[in-house]
Amino acid sequence: MQNMRRQSGATLIEIMVSILVMAIGLLGLASLQINAMKFQKTASQRSEATQAAYDLGERMRSNWVATGAPTDKATNEAKYTFLDEYGTVYAANHDPQNDCVSTKCTSAQIAANDIQEWLRNLQRRLIGGAGVIVPVVGGVGSTFDVTVMWKEPTFTDVDATCPEAAKAPAGVRCFNLRFSI
0 MQNMRRQSGA
10 TLIEIMVSIL
20 VMAIGLLGLA
30 SLQINAMKFQ
40 KTASQRSEAT
50 QAAYDLGERM
60 RSNWVATGAP
70 TDKATNEAKY
80 TFLDEYGTVY
90 AANHDPQNDC
100 VSTKCTSAQI
110 AANDIQEWLR
120 NLQRRLIGGA
130 GVIVPVVGGV
140 GSTFDVTVMW
150 KEPTFTDVDA
160 TCPEAAKAPA
170 GVRCFNLRFS
180 I
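The sequence shown maps to residues 0 to 180 in numbering that gives the first Met the number 0.
1. Tell me, which residues are paired with residue 175 by DSSP?
2. From this set, 108, 154, 160, which residue's C-alpha is nearest residue 169's C-alpha?
3. Are the stretch 95-115 and the stretch 158-173 in contact at 8 Å, needing three or more beta carbon pairs?
4. Could I get the ranges of all uninterrupted alpha helix (DSSP H) runs contained in the stretch 89-161, with 4 residues as the minimum, in chain order?
5. What do you get for residue 143, buried or exposed, if any count of 16 or more other CB atoms within 10 angstroms of its CB means buried?
6. Use the C-beta contact count for residue 94: other C-beta atoms within 10 angstroms, 16 or more gives buried, fewer gives exposed.
7. To the nearest whole angstrom, what separates the beta carbons of residue 148 and residue 133, a pair I think is in contact under 8 Å?
8. When the distance is taken between beta carbons, is residue 88 closer than 8 Å to residue 22?
9. Which two residues bound the contiguous alpha helix (DSSP H) that contains residue 57?
10. Can you tell me whether residue 47 is buried or exposed? The criterion is at least 16 other CB atoms within 10 Å of its CB, across all chains shown.
11. Expressed to the nearest angstrom, what Euclidean distance is found between the alpha-carbon atoms of residue 261 and residue 120?
12. Rank 56, 20, 157 by C-alpha distance to the C-alpha of residue 113 and give the top, closest one.
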């Protein structure tokens, strides 16, 4: 009778299989970490866009005379109107024209400053930040659509929620807010 040797330890194949399984698991964890970082940036941009839209809404409410409400709209048209193509808005310099902090300004000048400050803040806080403000025809009181636009590197389609007149290219996301004064 032959003497059978007892096997002790693991074979080379078993070790290679366990290393392969471990490598696949580590790749999966790395992928999860990359996606978490990417989605965190997207969520941050959306949060900034939301805050910016509400900021403009509050500016408009505090300067309600320039919104065209609640007085006669024939004599007091909305000064808070800004609609231009995305590329033009994004590339422009948006420094306020009037110093309404140390000097007295009209409601129209305050509205112009608010728009320029808002657009400048969008450029600073968002990647490719821009925005449009459009009065809603037939809205209750003075109703406005405020759209904040920004570039999102992981988004390659055209966002259907962007205003058509803004001509936002592929890769630009939009956040829309409609409110009444």
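Built from N, CA and C at the ideal position, the CB exists for glycine as well.
On the basis of the coordinates in this document:
1. 146
2. 154
3. no
4. 106-124
5. buried
6. exposed
7. Actually they do not touch by this definition, with Cβ atoms about 13 Å apart.
8. no
9. 11-61
10. buried
11. Since the first and last residues shown for the chain are 0 and 180, residue 261 lies out of range.
12. 56
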